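The opening residue of the sequence shown carries number 93 in the numbering used here; numbering runs sequentially from there.
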Amino acid sequence: MPAPPILVTGAAGFIGFHVVRLLLAAGRDVVGIDNLNAYYDPKLKEARLAELARDSAFRFCKLDLSDRDGMAALFAEYRFAQVVHLAAQAGVRHSLSAPHDYIDSNINGFLNVLEGCRHTQTRHLLYASSSSVYGANTKLPFSVAQNVDHPLNLYGASKKANELMAHAYSHLFDLPVTGLRFFTVYGPWGRPDMAMWLFTAAILKREPIKLFNGGDMQRDFTYVDDVATSVVKLIDHVPQGNAAWSGTDPDPATSHAPWRVYNIGNHTPIDLIEVVRLLETALGRKAIRDLLPMQPGDIRETCADVEDLRKAIGFSPDTPITVGIKKFVDWFRTFHGI
């Protein structure tokens, strides 16, 4: 008997697209949903969907997470055994000007996903969290064993809220849930609002690139294929309750409930100036630098401790930035006909 389809929310998004493509390559049936909103150009999302639609094992439904009745009907129809929830209102800077978008999608939308899983006895829910939950933490590398109670922006706060909501449902309804703290994902089919795309487009147009904090920033850039591989490997790694967990000395990464969180990062922070240099080399063109002060809500540096991930699935992201940037630039040129 064939396995039931996997639900991937945010299937037209950057990470969602790559996860769906990897699942299809593995012979899995996938139902994807996305609301195709205009946070960035929907034509890019439609182009991703056109790629996925080449495989008959993929079915797409245009649906907003905040549509309570629509989400309930979707879960009732398919009764998904496995759900990969990647849809969200992304972006730190957007949260400064449009905070309600984050409540509608990341809080109310996630509640609808949890309710769907609860009422249809989903066997495993994986959901996107973010390195932004580490907020004011400065001890590097960031570890899932650290407390994450001091977010610096609403986006990070919404992702921390997701982890708390997931734990409540895991505890109350014995729902196995896995949180995925992504670290600065980049690569082909990426997002136009992220640094790699913004820098590449500006350099090619001979326009200034904005370097906040004067470019004195470090990020744990993580290649998207490594991210998708990590997610797919975790689907069948269903969390169990930690029998040794204690409320008197609580481990932030585990629970008595079947609830876990993992860092999905490359464990190799890169100076932003080095990223610019590598892009200049790949593009054969110099960047015009616009040095700006630190933006509100930004974090100066990130680095992921991925030992828990490696122990769980025998894999962690490791694509060198030199390789990843070349692949991104090659795709960017092809996609834009440059």
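Built from N, CA and C at the ideal position, the CB exists for glycine as well.
As the structure is a prediction and not an experimental result, all values here were calculated from the model.
Could you say which of the options lies nearest to residue i if we only look at CA atoms?
{"i": "residue 102", "options": "261, 197, 147, 118", "result": "197"}
{"i": "residue 264", "options": "176, 207, 120", "result": "207"}
{"i": "residue 215", "options": "405, 98, 142", "result": "98"}
{"i": "residue 258", "options": "339, 170, 337, 353", "result": "353"}
{"i": "residue 369", "options": "355, 386, 418", "result": "418"}
{"i": "residue 239", "options": "376, 205, 308, 344", "result": "344"}
{"i": "residue 283", "options": "113, 183, 385", "result": "183"}
{"i": "residue 346", "options": "224, 333, 167", "result": "333"}
{"i": "residue 160", "options": "135, 403, 204", "result": "204"}
{"i": "residue 134", "options": "121, 104, 190", "result": "104"}
{"i": "residue 136", "options": "335, 341, 280, 391", "result": "280"}
{"i": "residue 375", "options": "158, 297, 149, 338", "result": "297"}
{"i": "residue 226", "options": "421, 393, 428", "result": "393"}
{"i": "residue 387", "options": "130, 305, 147", "result": "305"}
{"i": "residue 400", "options": "228, 234, 202, 427", "result": "234"}
{"i": "residue 228", "options": "391, 421, 422", "result": "391"}
{"i": "residue 213", "options": "175, 224, 426, 335", "result": "175"}
{"i": "residue 222", "options": "355, 146, 148", "result": "355"}
{"i": "residue 385", "options": "130, 171, 308, 185", "result": "308"}
{"i": "residue 413", "options": "335, 378, 340, 364", "result": "364"}
Rounded to whole angstroms, how far is the Cβ of residue i from the Cβ of residue j, which I believe are closer than 8 Å?
{"i": "residue 398", "j": "residue 359", "result": "5 Å"}
{"i": "residue 395", "j": "residue 266", "result": "Wrong, their Cβ atoms sit about 34 Å apart, outside the cutoff."}
{"i": "residue 278", "j": "residue 416", "result": "6 Å"}
{"i": "residue 269", "j": "residue 409", "result": "Rounded, the Cβ-Cβ distance is 22 Å, inconsistent with contact."}
{"i": "residue 321", "j": "residue 141", "result": "Actually they do not touch by this definition, with Cβ atoms about 22 Å apart."}
{"i": "residue 199", "j": "residue 253", "result": "6 Å"}
{"i": "residue 288", "j": "residue 420", "result": "6 Å"}
If you check the beta carbons only, do residue i and residue j fall under 8 Å apart?
{"i": "residue 290", "j": "residue 383", "result": "no"}
{"i": "residue 106", "j": "residue 144", "result": "no"}
{"i": "residue 430", "j": "residue 299", "result": "no"}
{"i": "residue 232", "j": "residue 327", "result": "no"}
{"i": "residue 323", "j": "residue 256", "result": "no"}
{"i": "residue 448", "j": "residue 285", "result": "Here the chain covers residues 93 to 430 and nothing more, so residue 448 does not appear."}
{"i": "residue 177", "j": "residue 117", "result": "no"}
{"i": "residue 310", "j": "residue 361", "result": "yes"}
{"i": "residue 211", "j": "residue 167", "result": "yes"}
{"i": "residue 366", "j": "residue 295", "result": "no"}
{"i": "residue 329", "j": "residue 404", "result": "yes"}
{"i": "residue 424", "j": "residue 325", "result": "no"}
{"i": "residue 357", "j": "residue 314", "result": "yes"}
{"i": "residue 111", "j": "residue 100", "result": "yes"}
Looking only at its chain, what residues have a beta carbon closer than 7 Å to the beta carbon of residue i, apart from the 5 residues adjacent to it on each side?
{"i": "residue 194", "result": "181, 187, 246, 247, 250"}
{"i": "residue 351", "result": "258, 259, 262, 269, 331"}
{"i": "residue 337", "result": "343, 346, 347, 348"}
{"i": "residue 150", "result": "112, 116, 122, 124, 144"}
Kindly identify the DSSP beta-bridge partner or partners of residue i.
{"i": "residue 271", "result": "219, 353"}
{"i": "residue 123", "result": "99, 151"}
{"i": "residue 412", "result": "Per DSSP, none; premise fails for residue 412."}
{"i": "residue 396", "result": "234"}
{"i": "residue 381", "result": "301"}
{"i": "residue 174", "result": "216"}
{"i": "residue 310", "result": "363, 393"}
{"i": "residue 277", "result": "314"}
Take residue i and list the residues in its own chain whose beta-carbon comes closer than 8 Å to its own, dropping the five residues that flank it on each side.
{"i": "residue 154", "result": "125, 126, 127, 128"}
{"i": "residue 164", "result": "204, 207, 208, 211"}
{"i": "residue 132", "result": "283, 284, 285"}
{"i": "residue 138", "result": "104, 128"}
{"i": "residue 191", "result": "246"}
Once the 5 residues before and after residue i are set aside, which same chain residues still bring their CB inside 6 Å of it?
{"i": "residue 96", "result": "173"}
{"i": "residue 156", "result": "127"}
{"i": "residue 179", "result": "101, 102, 157"}
{"i": "residue 402", "result": "408"}
{"i": "residue 147", "result": "116"}
{"i": "residue 389", "result": "184, 244, 245"}
{"i": "residue 171", "result": "212"}
{"i": "residue 377", "result": "295"}
Under a CB-based cut-off of 8 Å, is residue i close to chain B?
{"i": "residue 112", "result": "Annotation note: the requested chain B is absent from the structure, which comprises a single protein chain."}
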